[in-house]
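**Student:**
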Ligand SMILES: Nc1ncnc2c1ncn2[C@@H]1O[C@H](COP(=O)(O)OP(=O)(O)O)[C@@H](O)[C@H]1O
Ligand SMILES: [Mg+2]
């Protein structure tokens, strides 16, 4: 009994629990769910599909987690920034005004770095608005939420730019000879870099301190504003990387559709991960699990024949449940009940 | 319940995860009585009050309130207000971004005939209330612009102004100066005459003996006794609180006059911060303890904030050990060997949700820089050392700081600075809200640090406390450093310097 209680108190309990439920439902619905096979030399199956398709959300969730922790607000521009990054890269690779190319104008690495750099730049702008000018995160990032796609469209001269160059498809698909989708590697790399950085440096402590009480953190020698700025830049870079993956999947820059509504999934992933949207303490692993849970839900819904338009309804219901479970009053109520039981037990002990 | 009993609480039990905050506590309040509730930090004083006013729900026990049938269960503070219990909590619970007047009348704003808020009437009444307490401020300005002390007075004014039969004050005086305390006492005596019962929590023994009629002592969440003032002299009170006999508090002043080390630790020339403090000079030697005194709002805290760089100084120069230093932010000062314990613990000190360990190593980590993480084993070692040394009462080193009682939180913040081994330590009201036993410990610690060569600036509202520790005092008035006194200082000489006697 006590063991179960301890388990439910763990921060990772909620995300794991949700994921488990989704997987269970799937298993009951279609027993072949967990089957993994090989077709045309690459891995194939529902699970692989979820891991592959969930990459963008997972990468975004990493950045979003830090932003939420440090500023008690969300970066709603990440979806649009993904699209801008993709457009920037394709514009570089194809050359301005070209709408389809088989020859690259610049080396592929340069184009990709440029796209990621654009993401970082957007993050820097968001960060400056939030950290220096103290604008509410939601409002500050609303600017790029609306503007980034338009800028992307400008970069691509109002058209969809295709890069018909085989290696450009690797990132979002498969590298010849490797059966595992490349996006999974990219995600692992992003998570690894960020979590090693958090582990080896004191950034995590700084972020949490600044997020909980920025005044006190400053007095204790932490540059709260700088830390906040850095988190937004990291978030922007993540959006850039996610944009690369998304663009590579369709070997083009479709400004209006790349990363559409991804900001919602990213935020939801953070919340599902057991992280408080009120900032402060955070858990990266939770967010990542949350991201894959959301992808699992989406994939499941689509497999069950729910249309793409209706999937958000189910997600909305999940959000409501999470928000309620996380609300301080609800938590207090649970804690109180438990303490009461303990007190009664203590009383009983005394009388005995 | 007898005729003149206002409140009877019996066998109150309240558990928090990990602690029994109240274990069969009790409290009885009579009509027209000022009742002191005493106990060390963490004894459960605030908790028993919160159980009464509905902030917490008790796990067991009975509560009777005059004029209410049967066992009373308040589920929210509004419930308590409805049955005539007004409360000022230890942590100020006002809205910083609303005006003073709004804060005073929140939830009971005067309305015009149209049903909208009557701002004119509200501001006028607010002004009257504050004037009545002798506080001359602009009531239309947002609360956050005023010092902690004034905010505290506003919280008190708000409670006092509500028609009530029971008034609860949880450590209201911890940030007030003598004058303001006296005004508060006048108000309390006035209410007492009208038959209001008052529960008064304080750590200042003098205050208990100045206004109170009865004393309830608590220890470790339990009830120790309910005494009338005359049957419980100070020493016995302290003994009851600590659960042991207590040796003399005063005997810690160092014997004789010590030699002052000629080495100057820190020197400031013409530092100032616009709007809070006019240019001042300051000098402190190695191993010296210097006090900064003055009325509240005289610029005591502002002066040290300016030295430390919490507020960046706009003029002047600073020298540390003879070398000119350029302080742009607190981090610069930390790197120069300074440490600063702020007076507003909640806003400037605590990172509430982080663990005691994280809170302790925070400044050390900041000084090391982000890329030189203090290894976890080292963190644990440091945290354990200070928990032990300062006798911090906490369930474990991983307990969130917010779950500790105020005095223990203060010790954690002190530990945060001590582990950076500062050369120059600024303590702004370190003993506020701390029980008397710990207070003495703090004073002893300060003297010990000085002996080891640390320079300490010490600010306290209790002159007595500074007399015991400081060799010199800077006197502040109206945001200006007006005087410095040393040598044979007495309570009177300091007071007259503060008041600017000769003029
Ligand atoms: N909200 C809370 N959660 C957990 N523990 C608490 C909480 N509030 C108080 N405590 C614990 O209960 C005990 C009594 O605290 P408190 O009533 O604040 O003491 P004090 O007598 O100093 O006012 C302390 O050990 C404190 O750590
Ligand atoms: Mg208290």
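Residue numbers (my numbering), protein chains in the order written: chain A, 1 to 352; chain B, 1001 to 1503. For glycine and all other residues, C-beta sits at the position ideal for the given N, C-alpha and C. If you're wondering where the values come from, they're calculated on a predicted model, not measured in any experiment.
1) Which residue marks the beginning of the alpha helix (DSSP H) containing residue 1185 of chain B, and which one marks its end?
2) Tell me whether residue 1170 of chain B, by its Cβ, gets closer than 7 angstroms to a heavy atom of ligand 2.
3) Between residue 1010 of chain B and the rest of its own chain, which residues show a CB-CB distance below 7 angstroms, the 5 nearest in sequence each way excluded?
4) Could you compute how far the alpha carbon of residue 158 of chain A sits from the alpha carbon of residue 65 of chain A?
5) Residue 1510 of chain B: beta carbon under 7 angstroms from a heavy atom of ligand 2?
6) Who are the neighbours of residue 208 of chain A on chain B, taking C-beta pairs under 7 angstroms?
7) Smallest Cα separation from residue 1481 of chain B: which of B/1415, B/1425, B/1435, B/1295?
8) Ignoring anything shorter than 4 residues, give me the alpha helix (DSSP H) runs that lie fully in the stretch 1018-1080 of chain B, in order along the chain.
9) Can the beta-carbon of residue 1366 of chain B be found closer than 8 angstroms to that of residue 1417 of chain B?
10) For a test of your reading of the model: does the CB of residue 1113 of chain B fall under 7 angstroms from any non-hydrogen atom of ligand 2? Yes or no.
11) Provide the residue span of the beta strand (DSSP E) that contains residue 55 of chain A, from first to last.
12) Taking 8 angstroms as the CB-CB limit, is residue 205 of chain A close to chain B?
13) Going by Cα to Cα distance, which pick from B/1421, B/1129, B/1180 is closest to residue 1159 of chain B?
14) Curious, which full-length beta strand (DSSP E) runs of at least 3 residues does the stretch 1433-1465 of chain B contain?
15) Go to residue 292 of chain A, then tell me how far its alpha helix (DSSP H) extends in each direction, as first and last residue.
16) Kindly indicate which three-state DSSP category residue 1293 of chain B falls into: helix, strand or coil?
17) Looking at the C-beta of residue 1311 of chain B, does it have a partner C-beta in chain A at a distance below 8 angstroms?
18) Hey, residue 301 of chain A and residue 314 of chain A: beta-carbon distance below 8 angstroms or not?
19) Using the beta-carbon count (16 or more within 10 Å), is residue 70 of chain A buried or exposed?
20) Would you mind reading off the limits of the beta strand (DSSP E) that contains residue 229 of chain A?
21) Counting only the same chain and skipping the five closest in sequence on each side, list residues whose C-beta sits under 8 angstroms from that of residue 1288 of chain B.
22) Would you call the stretch 1344-1361 of chain B and the stretch 185-197 of chain A touching, i.e. three or more CB-CB distances under 8 angstroms?
23) Could you tell me whether any Cβ in chain B is nearer than 8 angstroms to the Cβ of residue 201 of chain A?
24) Is any heavy atom in ligand 2 found nearer than 7 angstroms to the beta carbon of residue 340 of chain A?
25) Ignoring anything shorter than 3 residues or poking outside the stretch 17-42 of chain A, list the beta strand (DSSP E) runs there in chain order.
26) Measuring only between beta-carbons, confirm whether residue 337 of chain A sits less than 8 angstroms from chain B.
27) Kindly examine ligand 1 and report whether one of its heavy atoms sits closer than 7 angstroms to the Cβ of residue 1016 of chain B.
28) In whole angstroms, give me the CA-to-CA distance for residue 121 of chain A and residue 173 of chain A.
29) Mind listing, in chain order, the continuous beta strand (DSSP E) runs of no fewer than 3 residues lying wholly within the stretch 1280-1350 of chain B?
30) Assign residue 1251 of chain B to buried or exposed, taking buried as 16 or more other Cβ atoms, counted over all protein chains shown, within 10 Å of its Cβ.
31) Can you tell me the Cα-Cα spacing of residue 131 of chain A and residue 202 of chain A, whole angstroms?
32) What I want to know is whether the C-beta of residue 1404 of chain B ends up closer than 7 angstroms to one or more non-hydrogen atoms of ligand 1.
33) Are the C-beta of residue 134 of chain A and some C-beta of chain B separated by less than 8 angstroms?
34) Between the C-alpha atoms of residue 84 of chain A and residue 143 of chain A, what's the straight-line distance to the nearest angstrom?
35) Considering Cα atoms alone, identify which of B/1042, B/1210, B/1282 is closest to residue 1186 of chain B.
36) Does the beta-carbon of residue 1035 of chain B have 16 or more other beta-carbons within 10 angstroms, so that it is buried, or is it exposed?
**Tutor:** On the basis of the data shown:
1) 1178-1193
2) yes
3) 1026, 1061, 1062
4) 33 angstroms
5) Shown here, chain B extends from 1001 to 1503; a query on residue 1510 of chain B therefore has no answer.
6) 1354
7) B/1295
8) 1045-1053
9) no
10) no
11) Careful: residue 55 of chain A lies outside any beta strand (DSSP E), inside the alpha helix (DSSP H) at 55-71.
12) yes
13) B/1129
14) 1455-1459
15) 284-303
16) strand
17) no
18) yes
19) buried
20) Not the beta strand (DSSP E): residue 229 of chain A falls in the alpha helix (DSSP H), residues 224-249.
21) 1260, 1261, 1265, 1450, 1455, 1456, 1471, 1472
22) no
23) yes
24) no
25) 37-39
26) no
27) yes
28) 27 angstroms
29) 1289-1294, 1315-1320, 1323-1325, 1338-1341
30) Low per-residue confidence applies at residue 1251 of chain B: pLDDT is 44, beneath 50, and the placement is therefore not dependable, though the value from the model is reported in the following sentence. Result: exposed.
31) 19 angstroms
32) yes
33) no
34) 13 angstroms
35) B/1210
36) buried
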